[in-house]
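One structure below.
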């Protein structure tokens, strides 16, 4: 078979496979499911941020006509959680509530309003405890009696880590200048437009089906089996099209488990649709992080050593926290050459809704600190901030000081292109007071190198069936959350078989029907499902080629798949239609199907914590933000954002641009207005869309996207991620632009008008950093472990 | 108490009995099976549930079903006429303006009301018209471009 020189599907601005259904209102989201005899459920949530649950009495609620079942913590005592080593959640509180909004009971009734009414008839006796509401309070609450959880080693510390790479002391000693700063990145939430929703049905065949708006049906499947104590083989999880995720629908949730349990009791389909207010309690959003950053440089600006301390406010449960804390230290080294690096991080428990993964997961916070500090270094040394970076960029096919293997790298091109389009040299430090421009760069992963639970199986599996009509059906566990993962499968297969994408059907995210894909998180789906799909196509193509070669009397190595045909590459008029070829191949080989699998490259490092950071390929992004900042009112108006993103290959440029623009938008929300904040009594301050400010069409500026294609050796057709990386540089670029505009540094987000005014008046205090004794660092020297072999 | 009402939805007269306390959103989704209309907050804050009532975009979560009697209601299902999608629907699909797609019905209808009144709006007028519709996926860029593309097709 010959390899086609030109691509006919990949790289084209095609419609998504589900585009028309979504525009016609035909897409069936979880809350659009209506099953016969379906009943509705609601959760009773704790009004207290921290309390012991002394008793729950549902007797009065059960007397209401139309109430079908009530369950409490005693019905589901098994703990669960996304990370196997920190399973500390209960579907309903067994003996303690840990944030205002923590569920304590669930009711199913014949209508949603009756279920809601019944909540008022459940009597809960609480012993109210003093809530812990800040990082400082958590670290100071070291008494056993002050613990939020009992399983963790140190009171209210979920995880503390310390890693040291290279000669950190020597690096600082060799430096001509040392820069130190403190930073605070406020927490914020995903706010997908679709509220959480799940429908459970335990059928007469003693099998459970759960439909849910989830990004991770496979992990949910495992959690359901564990908590419900059912064999996993009798549970089917179907992820419905997700109406926005951004990381917020990646954990197994109380409402999902309760929908299943209530259906097991009532033997009727049970639906939960959470209110918008409840979505703020479910949360799992961006961690508030306090940071201390130190960088030592030579007088020419080259980095000699870099050190970080991060303090994460985790909220009431672990969620992804174990990974989150490592992520606040993992990727600082993946943009500039850092010869020595030390990182200490700690995640604490507080009595607030649990934080988790939001777009960028743990990396936007330290990136904010790093890129502002780079701007400050450039300013002090009198070097253009872009030139400071250009002289010390990481390179393709290199290994960072903390052992991360970089394959392709388009960072230089990203910097040069964004600077050219934004006319950086003409504007930087040359605009009038109140008008400014700022730059930042970043790196991100294309899929986590390790699964959430330890196993040797592939991260993504694809199964392809060919039928006699020439139709192709692909089965994959991947979950379309709007990013277009269903379309990616179709594009890859259409390209491989040389057929029209319309002839391909997609079946995804159904644990009964589809091979496992770990889920839509960590920007892993395109690279992992794409490679698995190409592998499955490869197996089928061997069978098709054999049949075509016989039929056409053309040697297989002269055959190509193109324009709906299997044909001779040298004599293209000699060919047969794809459908005819399938018929011949089926006659020869029997029913045609094949599977493909993808494992990320094995991580050669073996130190504790080395599992967070490695990935098949890193992406690189740069942003320039131009803005106006009013010195009188402190108001910021973003004029324009230029964003360059090294996406490897733009599988479909429309979708890559869409991901990039969405990332820029979400970053601006975080930079300027979004914050998940609480009253002194621990209640959420603004649990509504009206009060939780996010950018509308009026605040979102023009976004100019520049795609840089580096064709990564590990990516399918060279593709890397696009959904998360482009968020990272935008937030610090806003802060750097504010400095250019009005001459004050803001080390906190959101950068609100009151902070601007306080800064202008010299009243904005530096971010305070808590005192904490980190564990002794694990020291790892470059060169330890095996180098990864590069594909060419 | 349920009340029997006649509603004009997507050019059809529908008789439907529902609790008078129900919002138009609930009546459309639960009593008429028109699930294309979505909800994001049910408090009038996000624009997701917008439908057209006598040609004007209205948040169906803030209007009672009974208030919509005698009005012409158009939902996203009604944008497709004689099996043909509306030019806005095609433009949104062509430009990738629907990512998760959840806010899209409300945005399409709000944009339709704009184009019906002002066939060639400026970018600023489109921004103003859609400022009550939140989208968390797209950064609005492709949405604004899609409305402009649809407007170009109007003679």
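Residue numbers (our numbering), protein chains in the order written: chain A, 1162 to 1953; chain B, 61 to 215.
Just so you know, even glycine gets a beta-carbon here, dropped at the ideal spot from N, CA and C.
These numbers come from a predicted model, not from an experiment.
Spell out whether any CB of chain A is found under 8 Å from the CB atom of residue 165 of chain B.
yes
With DSSP as the reference, identify every bridge partner of residue 1396 of chain A, one or two as the case may be.
According to DSSP, which records beta bridges pairwise, residue 1396 of chain A is partnered with A/1369.
Cβ shell of residue 1952 of chain A (< 7 Å), same chain only, five flanking positions each side left out
Residue confidence is low: residue 1952 of chain A scores 40 on pLDDT, short of 50, so the model does not pin down where it sits. No coordinate-derived value is stated.
Roughly how many angstroms lie between the CA atoms of residue 1503 of chain A and residue 1431 of chain A, to the nearest whole one?
50 Å
Start and end residues, alpha helix (DSSP H) containing residue 1440 of chain A:
Going by DSSP, residue 1440 of chain A is part of the alpha helix (DSSP H) stretching over 1437-1443.
Can you check the segment 1871-1935 of chain A for any alpha helix (DSSP H) of at least 4 residues that lies completely inside it and give the ranges in chain order?
1891-1903, 1914-1921
Kindly indicate which residue of A/1819, A/1859, A/1683, A/1730 has the alpha-carbon position closest to the one of residue 1776 of chain A.
The option with the nearest alpha carbon to residue 1776 of chain A is A/1683.
Hey, residue 198 of chain B and residue 1822 of chain A: beta-carbon distance below 8 Å or not?
Taking 8 Å as the cut-off, the beta carbon of residue 198 of chain B is found closer than this to the beta carbon of residue 1822 of chain A.
Within 8 Å, strictly: CB atoms of residue 1351 of chain A and residue 1409 of chain A:
yes
Apply the 10 Å Cβ neighbour rule to residue 117 of chain B and answer buried if 16 or more other Cβ atoms are within range, or exposed otherwise.
buried
Neighbour flag for residue 158 of chain B against chain A, beta carbons, 8 Å:
yes
Name the residues in the segment 1350-1377 of chain A whose C-beta lies less than 8 Å from a C-beta of chain B; which are they?
1351, 1352, 1353, 1354, 1355, 1356
If we define contact as Cβ-Cβ less than 8 Å, is residue 1575 of chain A a contact residue for chain B?
Against chain B, the CB of residue 1575 of chain A has no partner CB under 8 Å away; the residue lies outside that interface.
Partners in chain A for residue 140 of chain B, counting only beta-carbon separations shorter than 7 Å
1185
With 8 Å as the threshold, decide whether the Cβ of residue 1407 of chain A is near any Cβ in chain B.
Contact with chain B is found for residue 1407 of chain A, since one of that chain's Cβ atoms lies less than 8 Å from the residue's Cβ.
Would you say residue 1124 of chain A lies against chain B (beta-carbon separation less than 8 Å)?
Residue 1124 of chain A falls outside the range modelled here, since chain A spans only 1162 to 1953, and no answer is possible.
Between residue 1536 of chain A and chain D, is any beta-carbon pair separated by less than 8 Å?
Chain labels in this structure do not include chain D; the protein chains are A and B.
Since residue 1528 of chain A and residue 1603 of chain A are thought to touch, with beta carbons under 8 Å apart, how far apart are those beta carbons, to the nearest angstrom?
With a Cβ gap of about 5 Å, residue 1528 of chain A and residue 1603 of chain A count as contacting.
Complete runs of the alpha helix (DSSP H) confined to the segment 1402-1429 of chain A [at least 4 residues]:
Scanning the segment 1402-1429 of chain A from its first residue to its last, the whole alpha helix (DSSP H) runs of 4-plus residues come out as 1415-1427.
So that I know if they touch, is there some Cβ in chain B lying closer than 8 Å to that of residue 1644 of chain A?
Using beta-carbon distances, residue 1644 of chain A counts as an interface residue toward chain B, with a partner under 8 Å.
Members of the segment 1822-1855 of chain A that neighbour chain B once the beta carbon cut-off is set at 8 Å
1822, 1823, 1824, 1825, 1826, 1827, 1849, 1850, 1851, 1855
Along chain A, which residues have their Cβ under 7 Å away from the Cβ of residue 152 of chain B?
1184
Alpha helix (DSSP H) runs contained entirely in the segment 1240-1313 of chain A, provided each spans 4 or more residues
1273-1280, 1296-1301
Count the C-beta pairs between the segment 1485-1494 of chain A and the segment 1513-1530 of chain A that are closer than 8 Å, then say yes if the count reaches three, no if not.
yes
Pairwise C-alpha distance: residue 1551 of chain A and residue 1863 of chain A
27 Å
Throw me the rounded Cβ distance for the residue 1270 of chain A and residue 1201 of chain A pair, which I believe falls under 8 Å.
6 Å
Just verifying my parser: in three-state terms, what is the DSSP assignment at residue 154 of chain B?
helix
Apart from the five residues just before and just after residue 1547 of chain A, which ones in its own chain have a Cβ nearer than 7 Å to its Cβ?
Cβ neighbours of residue 1547 of chain A beyond the five flanking positions: 1576, 1580, 1585, 1600.
Can you list, in chain order, the residues of the segment 1673-1693 of chain A whose Cβ is nearer than 9 Å to any Cβ on chain B?
none
Going along the chain, which residues of its own chain have a beta-carbon closer than 6 Å to the beta-carbon of residue 1285 of chain A, five neighbours each way excluded?
1217, 1265
So, residue 196 of chain B versus residue 1407 of chain A, is the Cβ gap smaller than 8 Å?
yes
Identify, in the order they occur along the chain, each residue of the same chain with its Cβ nearer than 6 Å to the Cβ of residue 63 of chain B, setting aside the five sequence neighbours on each side.
80
With the cut-off set at 8 Å, would you say residue 1252 of chain A and residue 1214 of chain A are in Cβ contact?
no
Of all the CB atoms in chain B, is at least one closer than 8 Å to the CB of residue 1647 of chain A?
no
Whether residue 1753 of chain A touches residue 1704 of chain A by CB criterion (8 Å)
The answer is yes: Cβ separation under 8 Å.
Out of A/1932, A/1931, A/1915, which has the shortest C-alpha to C-alpha gap to residue 1924 of chain A?
Taking the Cα of residue 1924 of chain A as reference, the smallest distance to any Cα among A/1932, A/1931, A/1915 is reached at A/1915.
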